[in-house]
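The structure appears below as structure tokens.
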Amino acid sequence: MFGDYSIGDLGAIFAMQGFAGLILFSVYVLMALGLAIIFGQMGVINMAHGEFMILGAYVTWMTSSFFQSHLPSLFSGYFFVAMILAFIASGALGMLVEWALIRHLYKRPLDTLLATWGLSLILQQAYRSVFGAREVGVELPQWMMGSKQVTDTIEVPINGIFVMCLTLAITVVVAWIMYKSRWGKQVRAVVQNRVMAGAVGINTEKVDRYTFGLGCGIAGIAGSAFTMIGSTGPTSGQLYIVDTFLVVVFGGAASLFGTIASAFTISQAQSTMEFFMSGSMAKVLTLLTIVAILMIRPQGLFALKVRK
Amino acid sequence: MSDEKKPGLHSPLRRKLLMGMAALPAMSLLPRTSFAQAPATSAINTTGLAVTDTEVTVGILHSVTGTMAISETGSVQAEKLAIDQINAMGGVLGRKIKFIQEDGASDWPTFAEKAKKLLVNDKVAAIMGCWTSASRKAVLPVMEQYNGMLYYPTFYEGLEQSKNVIYTGQEATQQILAGLDWVSKTKNGKSYYLIGSDYIWPRTSMKIARKHIEGKLGGKVAGEEYFPLGHTQFNSVINKIKLTKPDVIYAAVVGGSNVAFYKQLKAAGIDLSKQTMLTISVTEDEIDGIGGENIAGAYACMKYFQSLDNPNNKEFVAAFKKMWGEKTVIGDVTQAAYLGPWLWKMTVEKAGSFDIDKIAAASAGIEFTKAPEGYVKIHPNHHLWSKARVGQAQLDGQFKVVYETPELIEPDPFPKGYQ
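Okay, here's the thing in structure tokens:
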């Protein structure tokens, strides 16, 4: 298939292909970070993760409509406002859910699977009733669309660069919170031994609530960012949930670093194979490889500790 | 709903009189027409369907919850509008249409179960419903076993024909061939890149398209790709498209993937006003989610566009917006769903009966001159004669019709040489 192309052409294609892999990597990390906190650190199997993302997407849509009709002069910057609002909305909903539902289930982690699955159905139907069954189109400011011409043949999508920067920023912030801040220490202490953490004076309930809220809030930001590359509808969250769990489980549930490594492996494998074979086959091969690796290493790529 | 009452026909007094008379054995001796304009129920309903002297019940069976609700909502709205309009005109054989709506919930076994419920418990005279091929395939054995009548609105892959189904959308060859002929001629399309979601409809459609491109048009297929439903990352295939530089991208991507596909094409710098893109899976409904600015310039091949300029369509669009709101858009399938109740009404009136067997036999040759798409006729194979049209997507989310076949295209669900 490469016979008819010059070296320059091929170089450009491989550069763009490499970039496509990096974009996919950023998307996977962004999807998985929230869940890595909730599932990885707290042990809650949150099947409603996709719905928290879509809440962020809907918030973005509402913000964009609001700016269009009331503040058209500031439209080009609305996306940053939208992301903050998405974080707040999803985070607040997350804390509410934690208070009403999840906290009663910490001792029965498998039941959280069913409870959050039910929650995801409820949220989907709620979106459908509130926003309508049809997908909504989120309008982007002009500067975020199109691509940047690097050389004559290499073009890089601007929204891809945006997602990469965003992912980098959020990863750094989350890593700092979890591993450097005082609060992150408390979170890890609660995860390791709830009773003991309580005994040394940590308010475990509060830590749980804020951690869950943080995970959901990040999901909201991810959903907001994904309005650039995907659809916004009541069931769009379902498009992401499988890949998200895949990344987190493959990486080793308790390790943030594992999540990033696994997102990198999966995205590169997926995008390279997609280039050489059809999309469906690439997916099949990726999944087969992951299953094979998980059979050899059931704890995932990087398991720092195994919880009883 | 319009509750227009014609005093002569529906006054309580008349009902009492009729009830009283029903008790008189002498009644059967009198000519029926002297009492009522509408024919007697016993004559036009010999198989125990839900038909009374004043009402006939039909079923509406679509998904209003689950993934498919996005697409099927428009069909439900169109069917309700048609039923409303028919009732305002006096109903079918003098009987008002009452509908029972069931939710298929985007789940194929649920569709089959609800179809059975509508046929066995509710004894509906017809069902307007289904959207995906999978739901139709699930419902089909039920329709055939309990002898029901289904009006199915979606354009689909063909390879099916049933006494118990009227297909009001296009089958694959009707939709595909004319569009490819057009693009090959006007855009000088020599090489084609086929890309679709991975299930029966895109696969069958692409098979037909490939045969036509290679066999009839003398072009070549530069690539053929399928992606799992719900796939959201198209950067790799977009690079492949850039590498192969096809004259035409031919797309049948559906659902949420559709939105991702066009947004990423745009972001990757593929300008659809320069790169010819022909799709068979994007209607006005989909553009709502994709965003006009992301798809402007692309061509779609359908039989109906909301922007069609004819008096029937103007009336239809106005009525639809009046009933469902100014912002709603009408796609190809929504229009096809609107045809269902009308075709059924005309068939019943031609047959002079609600009996399924008589309707199935009378369907062939039914003409609907008030169809928003212009004019349709039912073929003996239970599909519709219809035109194919090519529209170009505009920034405002509407299509501008750039081509229309001069003649109606004969439906051919089992195309020879394309299987």
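Chains as they are written, first to last, in this note's numbering: chain A, 27 to 334; chain B, -7 to 411.
C-beta: ideal position from N, C-alpha, C; glycine also.
Option nearest residue i by Cα separation, candidates the options
i	options	result
serine 378 (chain B)	B:Pro364, B:Gly140 and B:Leu387	B:Pro364
isoleucine 286 (chain A)	A:Met109, A:Gly243, A:Leu50 and A:Leu122	A:Leu50
proline 183 (chain A)	B:Ala310, B:Gly261 and B:Ile370	B:Gly261
valine 156 (chain A)	A:Leu131, A:Val221, A:Gly259 and A:Val226	A:Gly259
threonine 179 (chain A)	A:Gln218, A:Met321, A:Ala41 and A:Leu320	A:Ala41
serine 99 (chain A)	A:Pro167, A:Lys174 and A:Leu147	A:Pro167
phenylalanine 105 (chain A)	A:Asp35, A:Gly249, A:Trp125 and A:Ser304	A:Gly249
leucine 85 (chain B)	B:Ala70, B:Thr49, B:Glu105 and B:Leu300	B:Thr49
leucine 265 (chain A)	A:Phe45, A:Ser52 and A:Met57	A:Met57
valine 310 (chain A)	B:Lys155, B:Thr361, B:Pro220 and B:Arg381	B:Pro220
isoleucine 62 (chain B)	A:Glu124, A:Val53, A:Gly103 and A:Val162	A:Val162
glutamate 206 (chain B)	B:Gln225, B:Gly181 and B:His223	B:Gly181
Where residue i sits in the DSSP three-state scheme
i	result
lysine 392 (chain B)	strand
glutamine 137 (chain B)	helix
leucine 376 (chain B)	strand
histidine 371 (chain B)	coil
methionine 81 (chain B)	coil
proline 101 (chain B)	helix
threonine 397 (chain B)	coil
glycine 51 (chain B)	strand
threonine 146 (chain B)	coil
glutamate 161 (chain A)	coil
phenylalanine 40 (chain A)	helix
alanine 18 (chain B)	Interpretation of alanine 18 (chain B) is limited by its pLDDT of 45, a score under 50 that renders its predicted location unreliable; the figure taken from the coordinates is listed afterwards. Note: alanine 18 (chain B) maps to helix in three-state DSSP.
lysine 306 (chain B)	helix
alanine 46 (chain A)	helix
alanine 141 (chain A)	helix
glycine 289 (chain B)	coil
methionine 120 (chain B)	strand
proline 98 (chain A)	helix
glycine 186 (chain A)	helix
methionine 338 (chain B)	helix
alanine 385 (chain B)	strand
alanine 244 (chain B)	strand
glutamine 267 (chain B)	coil
serine 183 (chain B)	strand
Residues that residue i contacts on chain A, provided the C-beta gap is smaller than 8 Å
i	result
tyrosine 218 (chain B)	Ser304, Gly305 and Ser306
valine 245 (chain B)	The contacting residues do not exist; valine 245 (chain B) stays about 10 Å from chain A at best.
lysine 182 (chain B)	Those within 8 Å of lysine 182 (chain B) in chain A number zero; the least Cβ separation is about 15 Å.
threonine 59 (chain B)	Thr261 and Gln264
Within chain B, partners of residue i - CB distance below 7 Å
i	result
phenylalanine 15 (chain A)	The first residue shown for chain A is 27 and the last is 334, placing residue 15 (chain A) beyond what the model contains.
asparagine 185 (chain A)	Ala259
isoleucine 49 (chain A)	Asn227
glutamate 181 (chain A)	Ala260 and Gly261
Beta-carbon gap between residue i and residue j smaller than 8 Å
i	j	result
leucine 110 (chain B)	glycine 51 (chain B)	yes
isoleucine 63 (chain A)	leucine 240 (chain A)	yes
valine 213 (chain A)	valine 199 (chain A)	no
valine 321 (chain B)	alanine 292 (chain B)	no
leucine 270 (chain B)	alanine 288 (chain B)	no
leucine 73 (chain B)	tyrosine 330 (chain B)	yes
glycine 215 (chain B)	leucine 172 (chain B)	no
glutamine 256 (chain B)	isoleucine 255 (chain A)	yes
leucine 327 (chain A)	glycine 263 (chain A)	no
valine 273 (chain A)	isoleucine 292 (chain A)	yes
alanine 243 (chain B)	glycine 188 (chain B)	yes
methionine 141 (chain B)	isoleucine 351 (chain B)	yes
isoleucine 279 (chain B)	glycine 389 (chain B)	yes
Cβ distance (whole Å) where residue i is taken to contact residue j below 8 Å
i	j	result
alanine 42 (chain B)	lysine 115 (chain B)	4 Å
isoleucine 89 (chain B)	alanine 107 (chain B)	At roughly 18 Å, the Cβ-Cβ gap does not stay under 8 Å, so isoleucine 89 (chain B) and alanine 107 (chain B) are not in contact.
Neighbour list for residue i in chain B, Cβ cutoff strictly below 9 Å
i	result
alanine 251 (chain A)	Under the 9 Å cutoff, chain B gives no residues; its nearest Cβ is about 12 Å from alanine 251 (chain A).
alanine 201 (chain A)	Within 9 Å Cβ-Cβ: nothing; alanine 201 (chain A) doesn't reach chain B, min ~25 Å.
valine 53 (chain A)	Thr224 and Gln225
Proximal residues of chain D, C-beta to C-beta of residue i below 7 Å
i	result
histidine 223 (chain B)	The structure shown contains no chain D; its protein chains are A and B.
Chain-ordered chain A contacts of residue i [CB-CB under 7 Å]
i	result
alanine 252 (chain B)	Ile255, Gly256 and Ser257
glycine 248 (chain B)	Gly256, Ser257, Gly259, Ser262 and Leu265
aspartate 190 (chain B)	Ser306
isoleucine 62 (chain B)	Ala159, Arg160, Glu161 and Gly259
Listed by chain order, chain B residues near residue i by CB distance under 8 Å
i	result
valine 162 (chain A)	Asp280 and Gly281
arginine 154 (chain A)	Thr57 and Ala61
serine 297 (chain A)	Gln225, Asn227 and Ser228
The ligand SAH heavy atom lying under 7 Å from the CB of residue i
i	result
valine 213 (chain B)	Here there are no bound small molecules, and the ligand SAH is not part of this structure.
9 Å Cβ cut-off: residues of chain A touching residue i
i	result
threonine 271 (chain B)	Simply none; closest approach about 16 Å.
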